[in-house]
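Here is the structure we will look at.
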Amino acid sequence: MEGRKVTGWAARDSSGFLSPYSFHLRKTGPEDVVLKVLFCGVDHTDLHQIRNEIHSTTYPLVPGHEVVGKVIEVGVEVAKFGVGDTVGVGCMVGSCGECLCCKTNREQYCSNMVFTYNAIYKDGSFTQGGFSSAMVVHQNYVVKIPEKLSPEQAAPLLCAGVTAYSPLKQFIGSKKVIKAGVLGLGGVGHLGVLIAKAMGHHVTVISSSNSKREEALTHLGADHFLVSSNSTEMNKLKNTLDYILDTVPVKHQLQDYLPLLGVEGKIFVVGAVPEPLQFSASGLILGKASISGSFIGSIQETQEIVEFWVEKGLKMMIEVVKMDYVNKAFERMEKNDVRYRFVVDVAGSNLE
Ligand SMILES: NC(=O)c1ccc[n+]([C@@H]2O[C@H](COP(=O)([O-])OP(=O)(O)OC[C@H]3O[C@@H](n4cnc5c(N)ncnc54)[C@H](OP(=O)(O)O)[C@@H]3O)[C@@H](O)[C@H]2O)c1
Ligand SMILES: [Zn+2]
Ligand SMILES: [Zn+2]
């Protein structure tokens, strides 16, 4: 059944160009939270999706999955949230609730997980994302945003932040200093550097150019910066890293990076590269390396990263823009011209 009418910005075809679009949210159910969207981050996955590069896209599509909003209505059975609360929604808005993944706080891997947009919700409605004036979300997929955290700083944590935090969390409590590599210093990568440093890791940024060196070392606090095409520097790093957080969104050779790992080192692939990635078996075997994927994080981990961020007093680098800049923002993100995340001021963009 249809609920309130809202305005979002939608892509209509694989050109990915976004323009205003009116649609109806689903009717507010007893366990739903309705939020007025304040800010929404711009993730490279949004670009993959509006261009139909991954998960075949149904148009019109309203992207946006780093959503911070104010609660404006709650269903009768909602106990966790009240009107006026600042809340966050990330990449998923549903899962089965019954399977092993759901029962062990790994609902992002549930085979019936419902993406925030470009997915069919349990009631048959089509999900639309946070580049919209409001959203309806089941309370189990909503996190609390602490008062100390500004909503625009909170937004990128809901996807990029938890994507970096979830695989890195396993190193908490390590007795030795973890040697980290962050490959690709974009939205996810720069949060990866900040989170890894806050966890006490020794962080090397591996970038495609020298342009972010100064910022990485001074503002983000990385320990070391190298350009992937510099073979002398890459050679010096051989056999040293405990892990590499690979955030690169375009085709690249994993076998160029495997030699950087120490014994039993790990590459966490989080970049959703549309093409197959390659590596040689011996690069993996010698050194007992592993290549693993990681998809966002659970709702519990999303709440954890928000709290971790506040506890550690971290500050990310974002560029806040209005909705009518969003096409330009995508264009600039594709050209690797953003420091380091665009966040759309949705409430300040007069969508209605
Ligand atoms: N697994 C998950 O759950 C998850 C969650 C969020 C995002 N993702 C995926 O992770 C990837 C990164 O997302 P993001 O939002 O961080 O992207 P982004 O802000 O565009 O950053 C990507 C970075 O990769 C590097 N890069 C190297 N070659 C590039 C090229 N040809 N074009 C663009 N960038 C290039 C750049 O860093 P340098 O300048 O340092 O080289 C760039 O800043 C995307 O594929 C996205 O879909 C996955
Ligand atoms: Zn499930
Ligand atoms: Zn994302």
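Be aware that the sequence shown starts at 84, since it is given in our numbering, and climbs by one per residue.
For each residue, glycine too, the CB sits at the ideal point set by N, CA and C.
Exercise for the section: Measure the alpha-carbon distance for Val-170 versus Val-225 and round it to whole angstroms. Expected result: Those two C-alpha atoms are separated by around 7 Å.
Practice task
Return yes when at least one heavy atom of ligand 1 lies under 7 Å from the C-beta of Met-317, else no.
Solution key: Result no, Cβ not under 7 Å from ligand 1.
Exercise for the section: From the DSSP output, in three-state form, read off Leu-328 for me. Expected result: Reduced to three states, the DSSP call for Leu-328 is strand.
Handout entry: In DSSP terms, what Phe-106 is bridged to
Key = DSSP lists Val-89 as partners of Phe-106.
Practice task
Please find out if some non-hydrogen atom of ligand 1 comes closer than 7 Å to the beta-carbon of Gly-269.
Solution key: Checking the Cβ of Gly-269 against ligand 1 gives yes.
Exercise for the section: Please classify Leu-309: is it buried, with 16 or more other beta-carbons within 10 angstroms of its beta-carbon, or exposed? Expected result: Burial call: buried.
Exercise for the section: If I'm right that Val-426 touches Val-409 with Cβ under 8 Å, what's the distance once you round it to whole angstroms? Expected result: The pair is not a contact, with the Cβ atoms about 11 Å apart (cut-off 8 Å).
Problem - Lining residues of ligand 3 - beta-carbon closer than 5 Å to any non-hydrogen atom, in sequence order - result: The set, ordered by position in the chain, is Asp-126, Thr-128 and Cys-242.
Problem - Any non-hydrogen atom of ligand 1 within 7 Å of Thr-301 CB - result: Annotation for Thr-301 indicates a beta carbon at 7 Å or more from all heavy atoms of ligand 1.
Practice task
Return the Cβ separation of Lys-398 and Gln-236 in integer angstroms, given the expectation that the two are a contact with Cβ distance under 8 Å.
Solution key: Contact annotation, Lys-398 with Gln-236: C-beta distance approximately 7 Å; criterion of less than 8 Å satisfied.
Handout entry: Beta-bridge partners of Ile-350, as assigned by DSSP
Key = Under DSSP, the beta-bridge partners assigned to Ile-350 are Ile-327 and Ile-374.
Exercise for the section: Work out the CA separation of Asn-433 and Lys-119 for me, nearest whole Å. Expected result: Just so you know, the alpha carbons of Lys-119 and Asn-433 end up roughly 12 Å apart.
Problem - Range of the contiguous beta strand (DSSP E) that encloses Ala-217 - result: Counting along the chain, the beta strand (DSSP E) containing Ala-217 begins and ends at 217-221.
Handout entry: Bounding residues of the alpha helix (DSSP H) (the contiguous stretch that carries Ala-279)
Key = Residues 270-281.
Practice task
Just grab the DSSP bridge partners of Phe-362 for me.
Solution key: Answer by DSSP bridge pairing: none, since Phe-362 is not bridged.
Practice task
Return the CA-CA distance between Gly-283 and Gly-366, expressed in angstroms with no decimal places.
Solution key: Roughly 28 Å separates the two Cα atoms.
Problem - ligand 2 heavy atom lying under 7 Å from the CB of Gly-177 - result: Taking 7 Å as the cut-off, one finds no heavy atom of ligand 2 near enough to the beta carbon of Gly-177.
Handout entry: Beta carbon of Gly-89 nearer than 8 Å to that of Leu-108
Key = Contrary to the premise, residue 89 reads as Val rather than Gly in this sequence. Contact flag set, yes.
Practice task
Ignore the nearest five residues each way along the sequence and tell me which others in Gly-158's own chain have a CB closer than 6 Å to its CB.
Solution key: Excluding residues within five positions, the ones whose Cβ falls inside 6 Å are Thr-111, Gly-112, Pro-113, Glu-114 and Asp-115.
Problem - Alpha carbon of Ala-243 to alpha carbon of Lys-153, nearest angstrom - result: Between the alpha carbons of Ala-243 and Lys-153 lies a gap of roughly 21 Å.
Practice task
Within 10 angstroms of the Cβ of His-131, are there 16 or more other Cβ atoms? Answer buried if so, exposed if not.
Solution key: Label assigned to His-131: buried.
Practice task
Tell me whether Cys-185 counts as near ligand 2, meaning its Cβ is closer than 7 Å to at least one heavy atom of that ligand.
Solution key: Yes.
Exercise for the section: Report yes if the C-beta of Met-196 is less than 7 Å from at least one heavy atom of ligand 1; otherwise report no. Expected result: Annotation for Met-196 indicates a beta carbon at 7 Å or more from all heavy atoms of ligand 1.
Exercise for the section: Let me know if Asp-129 comes out buried or exposed under the rule of 16 or more other beta-carbons within 10 Å of its beta-carbon. Expected result: Under this definition Asp-129 is a buried residue.
Exercise for the section: Report all residues from its chain with a CB closer than 6 Å to the CB of Asn-293; omit the five preceding and five following residues, and keep chain order. Expected result: Taken in chain order, the residues that qualify are Val-310.
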